[in-house]
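Since the structure comes first, as structure tokens, the remarks are kept for the end.
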Amino acid sequence: MTDTTELRHLIAGEWRSGSGDQISSVNPTRPSVVVAEGGCATTADVDSAVTAAGEALKSWAGMPIHQRGAVLLEAAAVVERHAEAWGLELAIEEGKTKGEGVGEVRRAAQILRYYGNEGDRQAGEIFASARAGEQILVTRKPIGVVAVITPFNFPIAIPAWKIAPALVYGNTVVWKPATTVPLLAIRLAEALTSAGLPPGVLNLVIGDSPIGEALVEHPDIAAISFTGSTAVGRRIAASAAARGVPVQAEMGGKNAAVVLDDADIELALEQVMLGAFRSTGQKCTATSRLIVTDGIADRFLGELATRAAALAVGDPTEDTTQMGPVITGAAQRNIYAGIGTAMAQDAEVLAGGEPYFKGLLAEGFFVAPTVLELTAPADIWAEELFGPVLAARRAADTDEAFALANDTEFGLSAAIFTQDLTRALHAIQHVDVGVLHINSESAGADPHVPFGGAKKSGLGPKEQGTAAREFFTHTTTVYLR
Ligand code: UN1
């Protein structure tokens, strides 16, 4: 793909050019290559989109859930058919490897299928009544027009896992994706419209934070689902709370992998590498902290550093590449600044740490896969860098290792490597996270189970599986006599 795609917005079933400032997405591997370009949405577009979603609400919500689900199932088939092509576009626009890009597009199809089948599942509950001749039903209803705000790092899977449940439960949506990945947003919206989604049910407005603000502050928005940075999530949540608007916010992580003495070392090495460096470390579930117990620390850290240094970093569209660039030059500078601070705070560089100076790796937004060992307190232990940087510490025993895993304000995910069932059970009880992996990497989320964080990583009901229903519906308790 070499042509630049025209950036367009979907409002009331029509694809429109934006009359706002010109924006473009670039290929982070070759930043001089523009992937999509056009005028961004204006606040007037946001207004039209919310109005269109409001007008579409009654008939969409009134349709049988099986009919809404059928549209999602058709969209899933369209997405699946384009997995190879869109996966490649994803690698070009976002920078993850082509294999991961194709995998992500397939995952979006899987999510659409899961929610497409929602009509076959339980729709509510029924309780006994203390009064003769009465039953108590709990029914579910859509909340209304939902604002969906999504990040760059999963440009099709995260939108799918918010939009699919929102739609199947009868809500209508106005969606603002990250401006770094408009092409994949356009692809998902096209899949849904070509599958027969009625006009106005999904509206796509592309723009930067003023557009996001206009959307979340719009008086006709009934709920907001957001994934992104902690700072933005908290700002949205504070302003929405003041207006009584519910928010589902999925924010930062500083996820630990804990490798205990008895672990299967080969498995742990493989999985920590995937957790830390897949998607160039740009997942809220990525492994950014590593805790290794003393008995295996030298061996484990030594081998990990060797593997990090040997990762094939380069053009993510090439089959042999294992890690691509980060999303922007600003992200790249921020990550290197974080590494610099860690070094100034006495972190020892076991791998990476240095910028690239020549060829494609210097031209694109590349960051060397970096492993740092900390022996003194350092900011990098607490702050999310969102890049391929792993900060390691040693622990004397299991208790200290789990205490270090919990030593963060975040609580999204963790990975524990042990072959000892007692230690695994101990981890389930004591490691305070929303997603716990035992003997697998810290990232990954299946569509049919809850996803989201503990502590400061998330706000509001969890995403995916039946948890999504808690956010995208409200209940009416019916005393039926
Ligand atoms: C995954 O771990 O595969 O923004 C999904 C993120 C998360 C999704 C992670 N919301 O990285």
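So in the UniProt record's numbering, spot 7 of the sequence shown is number 7, and the numbers just go up one at a time. All residues carry an ideal CB built from backbone N, CA and C; glycine is no exception.
- With respect to Ile327, Val367 sits apart: the two C-beta atoms are not nearer than 8 Å.
- Around Gly314, the same chain offers Thr321 as residues with beta carbons nearer than 6 Å, after the five sequence neighbours per side are excluded.
- Beyond the five residues adjoining it in sequence on each side, Val371 comes within less than 7 Å, by CB distance, of Leu304, Ala305, Ala308, Leu350, Ala351, Gly352, Leu390 and Ala392 in the same chain, given in chain order.
- The set of residues with any CB-heavy atom separation to ligand 1 below 6 Å comprises, in chain order, Pro151, Asn153, Phe154, Ile158, Thr227, Glu250, Lys283, Cys284, Thr285, Ala443, Gly444 and Ala445.
- By the beta-carbon neighbour count (other beta carbons within 10 angstroms, threshold 16), Tyr114 is buried.
- Assigned with DSSP and collapsed to three states, Glu441 falls in coil, not helix or strand.
- Excluding the 5 residues flanking it on each side, Val478 has same chain C-beta neighbours closer than 8 Å at Ile136, Leu137, Val138 and Thr139, in chain order.
- In terms of Cβ geometry, Thr42 and Gly13 do not form a close pair [threshold 8 Å].
- The residue among Gly99, Leu421 and Ala310 with its C-alpha nearest the C-alpha of Asp319 is Gly99.
- Scanning its chain for C-beta atoms nearer than 7 Å, with the 5 sequence neighbours on each side dropped, one finds around Glu125 the residues Val138, in chain order.
- The DSSP-derived three-state label of Tyr115 is helix.
- Contact check for Gln248 against Gly434 fails: the beta carbons are separated by 8 Å or more.
- Counting of Cβ neighbours within 10 angstroms places Thr375 among the exposed residues, the total staying below 16.
- Cβ-Cβ distances below 6 Å link Lys456 to Glu409 and Phe410 in the same chain, with the five nearest sequence neighbours on each side left out; the list follows chain order.
- With contacts defined by Cβ atoms closer than 8 Å, Phe386 and Met323 do not form a contacting pair.
- Under the three-state reduction of DSSP, Gln122 is assigned to coil, being neither helix nor strand.
- Around the beta-carbon of Pro151, 16 or more other beta-carbon atoms lie within 10 Å, marking it buried.
- Each residue's CA atom was taken as its position, placing Met273 and Ser288 some 11 Å apart.
- For the 8 Å CB-CB criterion, Ile156 and Glu190 do not form a contact.
- Counting other Cβ atoms within 10 Å of its Cβ, Glu266 stays below 16 and is therefore classed as exposed.
- The Cβ-Cβ distance between Val201 and Leu215 does not fall below 8 Å.
- Contact between the segment 46-64 and the segment 164-180 is present: 3 or more CB-CB pairs across the two stretches fall below 8 Å.
- Below 8 Å, enough C-beta pairs join the segment 459-476 and the segment 218-235 to call them touching: three or more.
- Where Glu80 is concerned, there is no enclosing beta strand (DSSP E), although the alpha helix (DSSP H) around it starts and stops at Ile65 to Arg81.
- For Lys176, no alpha helix (DSSP H) run applies; the uninterrupted beta strand (DSSP E) run containing it begins and ends at Thr172 to Lys176, by DSSP.
- Out of Ser25, Leu480 and Gly458, the CA that lies nearest to the CA of Arg234 is found in Gly458.
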